[in-house]
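Chains as they are written, first to last, in the working numbering: chain A, 2 to 237; chain B, 16 to 623.
Don't be surprised by glycine CBs; every beta carbon is placed ideally from N, CA and C.
Quick notes on the structure that follows.
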Amino acid sequence: MSDSENASETGNESETAGLRGPNPEERPRPDGQRNRHGERIDTATDAEQEPRTAVVSALVEHEPGVLAKVSGLFSRRQFNIESLTVGPTTVEGHARITLVVEETDAGIEQVKKQVEKLVPVIAVGELDDDAVRAELVLLKVRGEEPDKVHAITQMYEGQTLDAGPRTITVQITGDQQKIDDAVDAFRQFGIIEIARTGQTALARGDTPTTPGESPAASAESTADDTTNAPTDTNDD
Amino acid sequence: MSERARPAFSEGDAEEETDTGRETDTERKADAAEPSVESDGVEQSDEKPRTGANAVVTALERAGAETLFGVQGGAIMPVYDALYDSDLRHVTMAHEQAAAHAADAYGIVSGTPGVCLATSGPGATNLTTGIADADMDSDPMVALTGQVPTDFVGNDAFQETDTTGLTAPITKTNYFAQRADDVGNTVGEAFALAGAGRPGPTVVDLPKDVTQAETDAEPGEATTPETYNPQTVADGAAVREGARTLERAEKPVILAGGGVIKGEASDELREFARNYEIPVATSMPAVGAFPEDDELAMEMVGMHGTGYANMATTHCDVLLAVGCRFDDRLTGGVETFAPEAEVLHVDIDPAEVSKNVYADVPLVGDAATVLSQLDAEMERAPDCAEWRDQCQRWTDDYPMDYATPEDEPLKPQFVVEALDEATDDDAIVTTGVGQHQMWAVQYWTYREPRTWVSSHGLGTMGYGLPAAIGAKMAAPDTEVVSFEGDGSLLMTIQELAVAVRENLDITVAVLNNEYIGMVRQWQDAFFDGRRAASEYSWCPEFDKLAEAFGARGFAVSEYDEVADTVETAMEYDGPSVVDFRIDPAENVYPMVPSGGANGQFALSEDQL
Ligand SMILES: Cc1ncc(C[n+]2csc(CCOP(=O)(O)OP(=O)(O)O)c2C)c(N)n1
């Protein structure tokens, strides 16, 4: 349209035209509004979305670089990630990445879609609240009161992995709440070092953890295939 | 012979380096006539053994590549050596960034992936701007980079960079070739993937030992990986919901995005819009998807879009967005973007749906397919004659117009229109980035897809000239005009040498305001006129520089010289550069300040 309007102009005639039209304040404005997720909202009633914690499981091709691609995606897109664990599955050449993220609903949808979009990713699923989740922690505490340490370890169904005169190292597994509580309980002895794996999870019962994933058991475990695996493999 | 791999003192030395202790490629070529024993003791016969590099070239040929853009270098030499015997056309560029832009433009214009090549290290890093550009604009492109031999990787070897690491965030996917037996298939897959679904750039990093190693493996059919299965047909229930929503719309707008062009859906879009008489606005990458002289055309929305497009999208009640990613330059503040509209979002990439603007009706699928699905589902056109009248009134209220006072220097808008008039309707426009880019999009009337080639998402200065080279290679019989700013052209002007060598008939129109004008405009508007580092009065005389490169050069500063000079430049069979000395004070309007409300676009600086 712009063209035809100026078609008659030549440089020889002096023109005073230019952009015209009502000023911004004279223009009608719509009443509606969106929030920062681009959802239409009623400003009087609708609140901002609150973040929640979600466990996302991604089935990926077990190839070099895939973990870098996933973790790079998280920092690049500013997703709020709590933990990431990775390990082989029953299918040779496949690995599972379990991500715990804290995001709004819109953010979680984006996380799933962006991870799914990575070419080596086979399938992505978000786990229900009832999913089986576990984390492992190693705790090294002062060894002055071995009996007390042992009692607490037993209370959390843990295992003592190393006990010396000065330090005791225990292992606790369980859901996040249990691990948090255990860590709190061991504080009284003075925690020297701690190593936590982050949560890993599977869907309960017959439900596949990621869509389309066949839960069929495979006899040959792929433990030997981890030579090329990302180094932070966590298969306990 | 056997200069072992050592850090070289000069690039010249580097190219002679023989990391593996074998002969250099040049020596091997000379020796090939006589059987010889290589230093590693392998018998070499008359018949040159096939290597990974041959497989790379065969894969490109099989995948349908015709033209490649690149620059030679140590780590990529085996591939070039294989190209020596191939019918693939290779265009040597002056800089790798230009190779990537040329390949990108080739991909945009032809619709099939453009291919660029570079050596390891600096060659690969020089490509990255062009790769990032293609990624932001979803342009199909394949970049092949040389890499140091596998054994050297990770040791900070000479000319080593972590190319897959560098390009992971700016590619659709990338590959590190590991075996000569697989490399052909990897390249084929990279090519197929670049063009499939939502297009984008792919990179294959090629260690020298992989391309040099012998292999009999013939690459198979180029196919996308098994894990890549974009959904092409939208969910039927969503289509029904979308159709019902559109039917009852009172104020509908179609927002076409670049995906309409990538998805070859321009015909479906035109038919759909005309069938149901719905006004069409476009994003910048979609310019040309819908003819701008159609009465339903609202043209471009966003920061420097037309007033009428911005009014229409702001006030619509249903927005059918097709292949559009709702970039912030398009939406302005998302809170005020089409704030009352129910959004129907057609996109082949599910991750785009509800990323920036929530989609009430997600229609995941291929643009052309989904538009046909919607069309089949529609029972009637929306009743929106009144809305069309309103859109027309906005078009009259906010005309795209400019003044041409005799006593002032040339107006850039006038130059754009003069070139538009002097060229065919299907002429291709490429641009740099800045004010000139905006005038080129605002004042040229685009009628066909793939005629507007610009750097949208990344906004890369210096894109225009190499893109013009890529466009001309893809469409040799089409006129190509590149609009450049003085600052933008200076960034890649060395590519004129390439245009001259290839005798490419392109016209570079410099809208020279002796500023990096877009920055100057923002400084005047938002930084109290403190023009820090934006004065470019030190730019060379582009007409003379053009002549030095062997192109034709012209300089124009008067209105009455414009038409004749354009004609002479267009008639010249080869590259010509016209340095239009334009009004340095001219600014781009309408303008929505960053994050502002599109409907509140400013028509002049005092409205900002
Ligand atoms: C590679 C690169 N560097 C910096 C910028 C920031 N930038 C955006 S527009 C612009 C000014 C462009 O000046 P010029 O090419 O002379 O065009 P004009 O705006 O004057 O038409 C600059 C510096 C950019 N877009 N790209």
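Supposed close pair residue i, residue j - CB separation, criterion 8 Å
i      : j      : result
G274/B : C339/B : 7 Å
L623/B : P608/B : 6 Å
V124/B : A117/B : About 11 Å; that fails the 8 Å criterion.
Q536/B : N613/B : Not really, about 19 Å apart at Cβ, beyond 8 Å.
A227/B : A482/B : Sequence inspection shows Gln at residue 227/B; the Ala mentioned does not correspond to that position. Not confirmed; about 33 Å, so no contact.
L473/B : M151/B : 5 Å
G203/B : P234/B : 5 Å
A442/B : V468/B : In fact, because the Cβ distance is near 11 Å, the residues do not count as touching under 8 Å.
V116/A : L74/A  : 7 Å
T182/B : P121/A : With 8 Å as the limit, T182/B and P121/A do not qualify as a contact, their Cβ atoms being about 15 Å apart.
P212/A : A124/A : 5 Å
Q200/A : T86/A  : 7 Å
S58/A  : T154/A : The pair is not a contact, with the Cβ atoms about 30 Å apart (cut-off 8 Å).
Neighbourhood of residue i by C-beta distance below 7 Å, restricted to the same chain and skipping five residues each side
i      : result
A47/B  : Below a pLDDT of 50, predicted positions are generally treated as unreliable, and A47/B, at 43, falls in that range; the measurement from the model is reported next regardless. Here the set comprises K63.
A437/B : V581, E582, M585
Y604/B : A617, L618, S619
K44/B  : Any answer about K44/B is weak, because its pLDDT of 42 lies below 50 and its placement is not dependable; what the coordinates show is given next. Answer for K44/B: no residue qualifies.
M2/A   : With a pLDDT of only 41 at M2/A, under 50, the local geometry of the prediction cannot be trusted, and the value read off the model is given with reservation. Correct list: empty, nothing qualifies.
L345/B : S298, V316, G317
G257/B : L359, V376, L378, L389
R35/A  : R41, I42
T230/B : R65, T66, G67, A70, A195, D196
A109/B : Q509, E510, A512, V513
A253/B : V376, P377, L378
G19/A  : none
Nearest candidate by alpha-carbon position, reference residue i, set the options
i      : options                        : result
G175/A : V71/A, E158/A, D148/A, H95/A   : E158/A
F498/B : I293/B, Q452/B, I269/B, A356/B : Q452/B
W454/B : G472/B, L434/B, E517/B, S135/B : L434/B
A135/A : K118/A, G165/A, A204/A         : A204/A
D119/B : T217/B, G502/B, V571/B, V592/B : T217/B
G39/A  : R465/B, E279/B, G347/B         : G347/B
H360/B : A336/B, A489/B, G380/B         : A336/B
T178/B : P222/B, S101/B, R194/B         : P222/B
Q457/B : V430/B, M476/B, A114/B         : V430/B
V577/B : K426/B, I276/B, T460/B         : K426/B
A489/B : I146/B, T466/B, D412/B         : T466/B
D309/B : P300/B, E286/B, M326/B, H319/B : E286/B
S470/B : V130/B, L142/B, C131/B, S153/B : S153/B
Cut-off 8 Å between Cβ atoms - residues of its own chain near residue i, not counting five sequence neighbours on either side
i      : result
A207/B : A78, A237, T238, T239
D621/B : none
D343/B : V349, N371, S609, G610
N527/B : G500, D501, C554, F557, D594, F595, R596, I597
L103/B : V72, L75, E76, A80, E81, T82, L83
G56/B  : With a pLDDT of only 45 at G56/B, under 50, the local geometry of the prediction cannot be trusted, and no value is derived from it.
G33/A  : R41
Cβ shell of residue i (< 6 Å), same chain only, five flanking positions each side left out
i      : result
A288/B : I269, V295, L311
E314/B : E307, T321, A324
T328/B : V268, A296, V316, A353
Q615/B : none
D412/B : none
Hey, is the segment 180-195 of chain B in contact with the segment 247-259 of chain B, meaning 3+ C-beta pairs nearer than 8 Å? no
Which residues, taken in chain order from the segment 30-47 of chain A, show a beta carbon closer than 8 Å to some beta carbon of chain B? R30, P31, D32, G33, Q34, R35, N36, R37, H38, G39, E40, R41
Any C-beta of chain A within less than 9 Å: which residues of the segment 349-368 of chain B qualify? V349, E350, T351, F352, A353, P354, E355, A356, E357, V358, D364, P365, A366, E367, V368
Residues in the segment 415-447 of chain B having any Cβ partner in chain A nearer than 7 Å: M415, D416, Y417, A418, T419, P420, E421, F429, E432, D435
What residues in the segment 116-144 of chain A bring their beta carbon closer than 8 Å to a beta carbon of chain B? E117, K118, L119, V120, P121, V122, I123
Which of the residues in the segment 209-242 of chain B, read from start to end, lie with their CB under 7 Å from any CB of chain A? P240, T242
When you check each C-beta in the segment 57-73 of chain A against every C-beta of chain B, which residues fall closer than 9 Å? V61, E62, P65, G66, A69, K70, G73
Relative to chain A, which residues along the segment 328-341 of chain B have a C-beta separation below 8 Å, given in chain order? T329, H330, F341
Tell me, please, whether the segment 394-402 of chain B touches the segment 255-271 of chain B by the rule of three or more beta-carbon pairs shorter than 8 Å. yes
Just checking, does the segment 141-148 of chain A make contact with the segment 162-170 of chain A on the three C-beta pairs under 8 Å criterion? yes
Using a Cβ-Cβ cut-off of less than 9 Å, give me the residues of the segment 368-385 of chain B that come near chain A, in sequence order. V368, S369, K370, N371, V372, Y373, A374, D375
Say whether the segment 81-92 of chain B touches the segment 129-142 of chain B, bearing in mind that this needs 3 or more beta-carbon pairs closer than 8 Å, one atom from each stretch. yes
Of the residues that make up the segment 593-605 of chain B, which ones have a beta carbon closer than 8 Å to any beta carbon in chain A? Y604, P605
Of all the residues that make up the segment 400-415 of chain B, which are near chain A by a beta-carbon distance shorter than 7 Å? T410, D412, Y413, P414, M415
For the segment 161-180 of chain A, enumerate the residues whose C-beta is nearer than 8 Å to any C-beta of chain B, in chain order. none
For the segment 168-181 of chain B, which residues have a CB atom closer than 9 Å to at least one CB atom of chain A, in sequence order? T179, G180
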